[in-house]
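Notes follow the structure.
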Amino acid sequence: MLEIITFITIIVIPGIALNFLAGLCIYWLKNDKDDFETKAKFIGIIYTALVFNILIWNGIKLWAN
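Taking the UniProt record's numbering, the leading residue of the sequence shown gets 1, the next gets one more, and so forth.
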């Protein structure tokens, strides 16, 4: 039970926040003409959200077995 609470606290909640932030970054990338450094930061946030999604999916698969 403690492992599930820890997993949700450390991985799932920040993952949800990162997905929201990644969605905003995609919106900003589509609509703004910013400098390269800002676009690189946005792309970094999107890739970080992708990694968190992979961690969440693998964690769910491990506990499902």
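Glycine included, C-beta positions come from ideal geometry on N, C-alpha and C.
With contact defined as three or more Cβ pairs closer than 8 angstroms, the stretch 17 to 25 and the stretch 49 to 56 are in contact.
Distance from the CA atom of residue 35 to the CA atom of residue 64, rounded to whole angstroms, is 44 angstroms. When only Cα atoms are considered, residue 4 and residue 59 end up about 9 angstroms apart. Linking residue 28 to residue 53 through their CA atoms gives a straight-line distance of about 21 angstroms.
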